[in-house]
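Residue numbers (the numbering used here): 4 to 576.
Note that beta-carbon positions come from the ideal geometry of N, C-alpha and C, so glycine has one too.
The block underneath contains the structure these notes are about, expressed in structure tokens.
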């Protein structure tokens, strides 16, 4: 599996690809559950493991089942159609297949010689495992995948090269162009790399010629829905809203916010929605392969209904950002049925807190896999179970969970899992079983807009007669810039430590924050040793009032070395 960071030139030496024979043997060992040889490229092994986690079946024989309507993006297809029509006749002579996908890797157009059992309407890794289109979209560069680098058996004799398509202006990925052929693993680059590059360049030129502002696309859809009449219509796009007079009379501000959250959930499922407030019908607004908003047309004859669909549990955890709402709403939706649910995320993202919310009112048993002896602690009857730290399950405890799933499949079971070291084969099989119903919680750095609300939620209760903890704008900006490797747990620790030790009154200033938070993230990703060294330098500077000469002497290094390390770590101290 390779990517081309730049278009290849005649005088650039390309690194040799791993021998396909070795990869075939390694793939067979992987599918049999054996350890991989050391010579398997890391990116190939990681792609195979992702496919196993997603539950992709390597032996699927095709043809691929038809899926829901493709929801084509008119702007992308309109721009690409003239190019594809010109390239089409070439395919009849080259014995290749040309495929166009949107930004979600749904196939929008395909032509060529590939048999039906090879073509798939959805090229996302969750559906078909590693492939060049998914790799190109993820890396942002031309990518190739050959034969055994795929996980699917039907693609073992296929080589493919893909090029990402970028939107004019901001360069966002809007789709991919893929050329697939018979296996040519000894070739580097792929013989049809030039065709893929040229087709992508021509489509991007057409996109530039057809470009319209996303706001204009939303406005056009909104006006078309209003049809010049007094209809209750609401359009959403990021922080912007268009509300017709009729909708303004029908909905309060809070109800519009509830409707927006419900519409986001509908867009995630690619549907028109059922059970929405006021019988709303939702139409996504797409621009250059990306959903830029939605238009909701309300039925004024319908009585007011709660925004939360019947049976779905309300989530009271702090946070209103789109990534957090999407994750928690999806978890609440899955929790309405009595089947296991896997909550995945980095440490400290709130997996256990969300699990408790989802089982609120059922008096669940919370057990930690790190403590062992799980088979003795499993609940009887229908009592719910929250299993923390599944990544630390020992083999006997894995067997106990599997037995629980087989003998009491309706027992409410929520499992939290923090990805890290590759799991053993027994745990991996359990994770594969649970992955069909899983939700990934976003890291705090992916929802920094929630920090302001979280600061209040994690702060300790104020002492009677004292005001609650508040923050200066400068301090809050520093908190929002910090990457928070420990996520919400680390934020809570910082807030509570400040509340306990500060002796001053008034808002918390930036100078009171811990050194790493106050100084902001390093200029580049640091290793654990570099991170520890940077923290020690910042602490020495703080103890010495910012005097670099005294700080260097305290650390036992020269002042020139201190300056060099500060530049290396991107510190503003």
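(message) Could you give the first and the last residue of the continuous alpha helix (DSSP H) run that contains residue 443?
(response) Premise fails: residue 443 lies in the beta strand (DSSP E), 441-443, not in any alpha helix (DSSP H).
### Message
Rounded to the nearest angstrom, what separates residue 183 and residue 522 at their Cα positions?
### Response
49 Å
Item checked: Nearest neighbour of residue 287, chosen from 462, 429, 259 and 223 [CA to CA] -> When only C-alpha atoms are compared, the closest one is 223.
* Between the region 332-349 and the region 440-451, are three or more C-beta pairs nearer than 8 Å? -> yes
Among 145, 302 and 282, which residue has its Cα nearest to the Cα of residue 192? 145
Review point. Starting from residue 361 and walking both ways along the alpha helix (DSSP H), at which residues does that stretch end?
Key: Its alpha helix (DSSP H) spans residues 354-361.
* How about residue 206 and residue 113: are their beta carbons less than 7 Å apart? -> Pairing residue 206 with residue 113 gives a Cβ-Cβ distance that is not under 7 Å.
With 16 other CB atoms within 10 Å as the buried threshold, where does residue 366 fall?
So residue 366 counts as exposed.
Practice item. Determine, using beta carbons only, whether residue 546 and residue 572 come nearer to each other than 7 Å. Key: no
Selection from 488, 372, 415 and 89 that minimises the alpha carbon distance to residue 198 | Residue 89 holds the alpha-carbon nearest to the alpha-carbon of residue 198 among 488, 372, 415 and 89.
Review point. Given that a residue counts as buried once 16 or more other Cβ atoms are within 10 Å of its Cβ, and exposed if not, what is residue 42?
Key: It is exposed - the Cβ of residue 42 has fewer than 16 other Cβ atoms within 10 Å.
| Environment of residue 36 [buried if 16+ CB atoms lie within 10 Å] | exposed
Where do the N-terminal and C-terminal ends of the alpha helix (DSSP H) with residue 104 fall, by residue? Run containing residue 104: none in the alpha helix (DSSP H); it sits in the beta strand (DSSP E), 100-105.
In the DSSP assignment, find the unbroken alpha helix (DSSP H) run with residue 251 in it and report its ends.
-> 248-253
Considering only the alpha carbon of each residue, which of 500, 452, 247 and 230 lies closest to residue 3?
As shown, the chain starts at 4 and ends at 576. That puts residue 3 outside it, with no answer to give.
Notebook entry, point to check: Using the C-alpha atoms, what's the distance from residue 289 back to residue 80?
Noted result: 12 Å
**Prompt:** Is DSSP giving residue 282 helix, strand or coil here?
**Reply:** helix
### Query
Would you report the Cα separation of residue 29 and residue 155, rounded to the nearest angstrom?
14 Å
Exercise. What number of angstroms, rounded off, separates the C-alpha of residue 461 from the C-alpha of residue 161?
Worked result: 53 Å
Exercise for the section: Can you have a look at residue 412 and say buried or exposed, based on whether 16 or more other CB atoms are within 10 angstroms of its CB? Expected result: Looking at its Cβ environment, which holds fewer than 16 other Cβ atoms inside 10 Å, residue 412 is exposed.
Quiz prompt | residue 431: first and last residue of the uninterrupted alpha helix (DSSP H) it sits in | solution = 428-437
Can you check whether the CB of residue 357 is closer than 7 Å to the CB of residue 370? no
Item to complete: Over the uninterrupted beta strand (DSSP E) stretch that includes residue 371, give me the two end residues.
Response: 368-371
TODO: Could you have a look at residue 522 and say whether DSSP puts it in helix, strand or coil?
DONE: helix
Out of 194, 152, 140 and 26, state which residue places its alpha-carbon closest to the alpha-carbon of residue 168. 140
Notebook entry, point to check: Can you list, in chain order, the stretches of the alpha helix (DSSP H) that have 4 or more residues and sit fully within the region 116-197?
Noted result: 128-131 and 135-142
By the DSSP assignment, the alpha helix (DSSP H) with residue 566 in it spans what residues? 562-571
Cα-Cα, which of 33, 53 and 44 is closest to residue 435?
53
Quick one: Cα of residue 400 to Cα of residue 320, how far? 30 Å
Next item on the list: Would you kindly report the start and end of the unbroken beta strand (DSSP E) that includes residue 416?
Entry: 416-420
>> My output table needs one value for residue 296: the three-state DSSP class, helix, strand or coil.
In response: Collapsing the DSSP output to three states places residue 296 in a strand.
Quiz item: In chain order, what residues of the same chain have a beta carbon less than 6 Å from the beta carbon of residue 138, not counting five sequence neighbours either side?
Solution: 146
Between which residues of its own chain and residue 187 is the CB-CB distance below 8 Å, once the five residues before and five after are set aside? 149, 162, 193 and 194
message = Quick check on DSSP: helix, strand or coil for residue 503?
response = helix
- Query: Could you give the distance in angstroms between the alpha-carbon of residue 185 and the alpha-carbon of residue 492?
  - Reply: 51 Å
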